[in-house]
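The block underneath contains the structure these notes are about, expressed in C-alpha cells.
Residue numbers (my numbering): 433 to 579.
Structure, rendered in C-alpha cells:
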C-alpha cells in the first residue's frame, strides 16, 4: 500500500511538473523549452519526456544547451555512449569543456578515459575551427574537416 501511495504521489508530481513546464513556456523559444524539458527528464529520469523532445531535431531546433541537457539526461539514465555523443555535439557548437568538468553530474567521469578523450578532442577541434573562422582561412578549415 505504501509503494502504491509513493507511486501515485510521483505520478501526480510528474503531471504537475509537466503542466507547469507547458504553462510557463508559452512565449519561450523552442530551444529553451526543449533544453528545460531535457533538464526535467534528467531530474525525473523520464524516458517519455526525453523521447517527446527528441522529435524537434528534425526541425533544426538545436543549440548547445539542448545537447548539454541531453548529456545530463543520458548520464542520469546510464547511456554513456549517447552522453559522449551529446558532449561531442556541445563542444562542436562552442560550449566549453569546463562546463562538463565543473558540473556535479559529470564528476564521477573525471577519471574516465573516454570522457576525458571526448572533452579534449572536441575542445581542440572547436578551438581550431574558431581560429579558422576568425582568420577566414578556408584551406585550413577544409583540412580540419577532412582529417
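The C-beta atom is built at its ideal place from N, Cα and C for all residues, glycine as well. Owing to the predicted nature of the structure, the values given are computational and were not obtained by experimental measurement.
For the region 491-520, there is no continuous beta strand (DSSP E) assignment of 3+ residues that stays within its boundaries. Rounded to whole angstroms, the separation of the alpha carbons of residue 525 and residue 502 is 14 Å. About 12 Å separates the CB atoms of residue 556 and residue 520; that is not less than 8 Å, and the two are not in contact.
For residue 542, the number of other beta carbons within 10 angstroms of its own is below 16, and it is reported as exposed. For residue 533, the secondary structure class from DSSP, reduced to helix, strand or coil, is helix. Sorting 506, 508, 465 by C-alpha distance to the C-alpha of residue 495 places 465 at the top. The beta-carbon distance between residue 485 and residue 470, rounded to whole angstroms, is 6 Å. This is short enough to meet the 8 Å contact definition. Judged by beta-carbon spacing, residue 498 lies beyond the 9 Å limit of residue 552, meaning their Cβ atoms are not closer than that value. Spanning the alpha carbons of residue 540 and residue 517 requires a straight line of approximately 18 Å. The beta carbons of residue 512 and residue 506 sit closer together than 9 Å. Across the structure, residue 508 and residue 559 are spaced so that their CA atoms are roughly 29 Å apart. The three-state reading of DSSP puts residue 526 in coil, since its state is none of H, G, I, E or B.
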